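So the sequences go chain by chain: A, D and P. Note that the first sequence covers residues 40 to 228 in this note's numbering. Note that the second sequence covers residues 8 to 247 in this note's numbering. Note that the third sequence covers residues 29 to 286 in this note's numbering. A short write-up of the structure that comes next.
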Amino acid sequence: MSIRLLALIPVAAAISLALSAAVDAVALPLFLDTTGTILATALAGPGVGIATGIVTSAVNTLRNPTFWPFVVVQIIVALYAWVAARAGLFRGFRTAVPAGLGLGVIASVTSTPISYLVFGCTTTGGIALTTALGRALGLPPLEACFFGSFVSDFGDKAVSFALVTSVLHALPRRTAARFPWALRAIGAA
Amino acid sequence: MSRLHPYTLLAIAGALPAFAWILPAPSGGTWTAAVALVLTLTPGESPGLTGTGASSGWRARLIVLRTAVVTAAPFWLFLLLLHDVPTTIAIGLRITTMVASFVWLVAALAPARLVEAMVASGWSASVAYLLAATLSAVPMLKARAQRIVEAQRCRGLSPRGGVAARMRALRALALPLVLSALHEVDERALALETRGLVPGIRRTPLAPPPDSAVERAARWVLLVACLFALVRRFTVPGVS
Amino acid sequence: MRSLLLDRASFWYPATESPTLRDVSLDVAQGEVVALVGALGAGASTLLLLAADLAPRVTGGRLAGSVARRDRSGIVLPTPWTQVSGMAFTVWDEIAFGPANLAWPAHEIARQVDRALEQLQLAPLASRDPATLSGGELQRVIIAAILAMDPGLVLFDEPAAELDADGAGILWRLIRLLAREGKAVLLATSALDALPDVADRVVWLEGGAIRAVGTPDLLADVATCDAGLGTSIATVWRAAGLPAPYPLTVAQAVRGWR
């Protein structure tokens, strides 16, 4: 791995974490903690993306110790983003947003067992409350848990994909050309 | 506590939650949670990432304990909302163990010592760099995000308005942050290269933390104990 | 003994049509201080990256012509906060970062680091966290970090940009010291007033090509002053409508006035 890509990983991880903090300012119920992972994958491929996901989880865990089991989700996100980048799905919102929604489904399917087994569906207050809502609606426990994760993950991943698409298109050609996957991800190579 | 080798600290912080999950509830969870909470009272060395600098004085130590309790408390609340009492206690103790172990680890382990331990035990400089560099980069990017938020507020960004407006606001916030960070990646790469950080090099360790045979043995014992408990859990009938 | 030789070097950044450097030939000897001056975008930074073996190796792009260097080089870039290693939590460790990567033995590292601390007058800051330093202090730390690696060719890109007057003074004296020690120094700077005392030769870059080379007296020439690259006193003299030859330094102006 070249030094450039090595230098990208901490920056991409820090982007995820900084965005998670900044999203409060617009009062939207989003996490955006996989944005850096998706971006790193779209720029430099799955290896860099997975490394970014692991590093993001590690540092996130230092802030809140309950995040580390979800490193699995970050890795899945990186792999999905790689498939999306190969298919050039970042070429516009029309393709990126549905791809993000698809990731939302996959991410919640992956995180539900973790949430259920490790935390009894209380990963965050929001998830706990939506799970309670699901239970009240008559869903069995695991499905209610999925309902809880799904509601928050669905929109979150779509927004992350949309943001990464905007970033990729906003990169000057000269910079994008230096990242191995960037041009392919936006369907320009 | 903080004089222990970083790997020993990691081993303890990893073993306690592992035991909490493997050992039968609620007794298993109770003593691991108790141990973890007591650990949070032991002197930590680094100002580290909690910024407490808990190296002396009972007040400083109580801050670490308080952080652990405050982080774990909401889980108990939500567990009660969703589950019956025995399940709540079982899961709650496990989560408390995990939270307390990590909070203690963060207070006791200075990142610099961990980086040095990794370098000394043969990890390539690149891997050590990843963890350390992210820790340094996060506060800087957060501060930059804050500045962008404030700048945008001067231009009328506000958490009011419909979803579409807020999404546009989010984009106005995220794009400058990400683009400037990416631009810096190139500059950072140049600086790292000129300082000799080549992938795969073996650095000279500057201040390798001392390790002792006792600590190494203790780490192995912890690992074996975990595995033993795991095997026993799944093979001996009648153990829930 | 020549430390750096560029022979008709032209350089294109990736995906760029026009070259950033055209047909540049330049040599820097050991013990010599050469200064690059020019307008923004004239190519000085790129030339330094070429000299540092960072272009095209790390930046990508295409090089025509040749670049040959004799010694190990180190480059100090303009913005200090992007040059921080990210792996050091004290100033001492930050300076030791480079030597440690060179796998020097611990006592040698300690010697070089302590020497660099002293040269940049950083001893009081040795145990501070680099993230808490001001821009000027951090720039001095970065300079120390490069010098601790004992490069034979030292490259500076706008090193005084973040420094206050005292810091800049330390820097200029240090550069002369480096030359006396036998190192080759190539620097790009807009601090033109310091150059008469610091530089042995001045190279004027314009649009990626060398327009003129000479002693620091070049900075009092009519042409350079017309281009806005004269020393302050020469610029003022010219603006006041006083006749050429313009004085290079205040001392010369005083003599000329009398």
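Where a beta carbon is used, it is the ideal one built from N, C-alpha and C, also for glycine. Since the model is a prediction, treat every value here as computed from it, not as a measurement.
Item checked: Pairwise C-alpha distance: Pro49 (chain A) and Val87 (chain A) -> The count along the first sequence starts at 1 and reaches residue 87 (chain A) at position 48. The count along the first sequence starts at 1 and reaches residue 49 (chain A) at position 10. Each residue's Cα considered, the two are about 10 Å apart.
Notebook entry, point to check: So is Thr94 (chain D) in contact with chain A if we call contact Cβ pairs under 8 Å?
Noted result: Residue mapping note: residue 94 (chain D) aligns to position 87 of the second sequence, counting from 1. Under the Cβ distance rule, Thr94 (chain D) counts among the residues neighbouring chain A, one pair being separated by less than 8 Å.
Next item on the list: For Val98 (chain A), collect the residues of the same chain with a Cβ closer than 7 Å to its Cβ; drop the 5 residues on either side in sequence, then sort them by chain order.
Entry: As a position in the first sequence, residue 98 (chain A) is number 59, starting the count at 1. Result list for Val98 (chain A): Ala52, Leu56, in chain order.
Next item on the list: Taking all protein chains shown into account, decide if Asp249 (chain P) is buried (16 or more other Cβ within 10 angstroms of its Cβ) or exposed.
Entry: Counting from 1 along the third sequence, the entry for residue 249 (chain P) is found at position 221. The residue is buried, with at least 16 neighbouring Cβ atoms inside 10 Å.
Item checked: Amino acids of chain A, ordered along the chain, whose beta-carbon sits closer than 7 Å to that of Glu200 (chain D) -> Taking the first residue of the second sequence as position 1, residue 200 (chain D) is located at position 193. In chain order: Ile42.
Next item on the list: May I ask you to report which of helix, strand or coil DSSP gives Ile261 (chain P)?
Entry: Here residue 261 (chain P) refers to the residue found at position 233 when the third sequence is read from its first residue. In the structure shown, Ile261 (chain P) adopts helical secondary structure according to DSSP, grouped into three states.
Notebook entry, point to check: Terminal residues of the continuous alpha helix (DSSP H) containing Gly242 (chain P)?
Noted result: Within the third sequence, numbered from 1, the residue matching residue 242 (chain P) stands at position 214. Looking at the DSSP string, Gly242 (chain P) is not in any alpha helix (DSSP H); the run it does join, the beta strand (DSSP E), is 237–242.
Checklist line | Segment limits, alpha helix (DSSP H) that includes Phe39 (chain P) | finding: For this step, residue 39 (chain P) is matched to residue 11 along the third sequence. In the DSSP assignment, Phe39 (chain P) falls outside any alpha helix (DSSP H) and lies within the beta strand (DSSP E) extending over 30–40.
Notebook entry, point to check: Does the segment 99–108 of chain A come close enough to the segment 102–119 of chain D that 3 or more CB-CB pairs lie under 8 Å?
Noted result: With the cut-off at 8 Å, the segment 102–119 of chain D and the segment 99–108 of chain A touch.
Next item on the list: List the residues of chain D whose Cβ lies closer than 9 Å to the Cβ of Arg212 (chain A), in chain order.
Entry: Here residue 212 (chain A) is taken as the residue at index 173 of the first sequence, counted from 1. Neighbours of Arg212 (chain A) on chain D: none; closest Cβ ~14 Å, over 9 Å.
Margin query: Does chain P have any CB closer than 8 Å to the CB of Ala216 (chain A)?
Written below: Taking the first residue of the first sequence as 1, we reach residue 216 (chain A) at position 177. Yes, contact with chain P.
Notebook entry, point to check: Are at least three pairs of beta-carbons, each pair with one atom in the segment 166–175 of chain P and one in the segment 87–104 of chain P, less than 8 Å apart?
Noted result: Note that the segment 166–175 of chain P touches the segment 87–104 of chain P; at least 3 beta-carbon pairs, one per stretch, sit closer than 8 Å.
Next item on the list: May I ask you to report which of helix, strand or coil DSSP gives Ser53 (chain D)?
Entry: Sequence index remark: in the second sequence, residue 53 (chain D) carries index 46 (1-based). Reliability of the predicted coordinates at Ser53 (chain D) is poor, the pLDDT of 49 falling under 50, and the value obtained from them is presented with this limitation in mind. Look at Ser53 (chain D) here: in three-state DSSP terms it is coil, with no helix or strand label.
Note to self: Taking CB distances under 8 Å as the criterion, tell me whether Pro219 (chain A) reaches chain P.
What the structure shows: What you label residue 219 (chain A) is simply residue 180 of the first sequence in a count that begins at 1. Not a single CB atom of chain P sits nearer than 8 Å to the CB of Pro219 (chain A).
Next item on the list: Could you check what DSSP says for Ala61 (chain D) in three-state terms: helix, strand or coil?
Entry: In the second sequence, residue 61 (chain D) corresponds to position 54, counting from 1. Model confidence at Ala61 (chain D) stands at a pLDDT of 43, short of 50, so the residue's coordinates are unreliable; what they give is reported in the following sentence. Taken through DSSP and simplified to helix, strand or coil, Ala61 (chain D) comes out as coil.
Next item on the list: Under 8 Å by Cβ, that's how I've got Arg30 (chain P) and Arg85 (chain P) pegged, so tell me the actual separation to the nearest angstrom.
Entry: Here the question's residue 30 (chain P) lines up with position 2 in the third sequence. Here the question's residue 85 (chain P) lines up with position 57 in the third sequence. A Cβ-Cβ distance of about 21 Å is found for the pair Arg30 (chain P) and Arg85 (chain P), leaving them out of contact under the 8 Å criterion.
Notebook entry, point to check: So with Cβ pairs under 8 Å, would you call Ala119 (chain D) a contact of chain P?
Noted result: The residue labelled residue 119 (chain D) in the question sits at position 112 within the second sequence. So, interface residue.
Margin query: Please report whether the beta-carbon of Pro152 (chain A) lies at a distance below 8 Å from any beta-carbon of chain E.
Written below: Annotation note: the requested chain E is absent from the structure, which comprises protein chains A, D and P.
Checklist line | C-beta neighbour in chain A for Arg162 (chain D), strict 8 Å | finding: Sequence index remark: in the second sequence, residue 162 (chain D) carries index 155 (1-based). It does not: the Cβ of Arg162 (chain D) has no partner Cβ on chain A nearer than 8 Å.
Check: Going along the chain, which unbroken runs of the beta strand (DSSP E) with 3 or more residues stay wholly within the segment 137–176 of chain A?
Finding: Counting whole runs of 3 or more residues, the segment 137–176 of chain A contains no beta strand (DSSP E) stretch at all.
Check: Quick one, which of D:Leu199, D:Ala40, D:Phe85, D:Ala115 has its alpha-carbon nearest Arg68 (chain D)'s?
Finding: As a first step, residue 68 (chain D) must be located in the second sequence, where it is residue number 61. The option with the nearest alpha carbon to Arg68 (chain D) is D:Ala115.
Margin query: Since Thr76 (chain A) and Val111 (chain A) should fall inside the 8 Å C-beta cutoff, what is the C-beta to C-beta distance between them, to a whole number of angstroms?
Written below: The count along the first sequence starts at 1 and reaches residue 76 (chain A) at position 37. The count along the first sequence starts at 1 and reaches residue 111 (chain A) at position 72. In this structure Thr76 (chain A) does not touch Val111 (chain A) by the C-beta definition: roughly 12 Å separates them, more than the 8 Å allowed.
Note to self: Looking at Arg229 (chain P): is its Cβ nearer than 8 Å to the Cβ of Val213 (chain P)?
What the structure shows: Taking the third sequence and counting its residues from 1, one reaches residue 229 (chain P) at position 201. Taking the third sequence and counting its residues from 1, one reaches residue 213 (chain P) at position 185. Not in contact: Arg229 (chain P) and Val213 (chain P) (Cβ atoms no closer than 8 Å).
Notebook entry, point to check: Counting pairs of beta carbons, one from the segment 178–188 of chain A and one from the segment 156–164 of chain A, are three or more of them closer than 8 Å?
Noted result: The answer is yes - the segment 156–164 of chain A touches the segment 178–188 of chain A, with three or more Cβ pairs under 8 Å.
Item checked: Own chain, CB closer than 7 Å to Ile137 (chain P), minus 5 neighbours either side, in chain order -> To locate residue 137 (chain P), count along the third sequence from 1; it is residue 109. Result list for Ile137 (chain P): Ala124, Pro127, Ala128, in chain order.
Item checked: Which listed residue (A:Pro219, A:Ala64, A:Ile54, A:Thr74) has its alpha carbon closest to that of Tyr119 (chain A) -> Position 80 of the first sequence, counting from 1, holds the residue named residue 119 (chain A). Ranking A:Pro219, A:Ala64, A:Ile54, A:Thr74 by Cα distance to Tyr119 (chain A) puts A:Thr74 first.
Notebook entry, point to check: Under 8 Å, do Thr259 (chain P) and Leu270 (chain P) count as touching if we go by C-beta distance?
Noted result: On the third sequence, position 231 is the one that residue 259 (chain P) refers to. On the third sequence, position 242 is the one that residue 270 (chain P) refers to. For the 8 Å CB-CB criterion, Thr259 (chain P) and Leu270 (chain P) do not form a contact.
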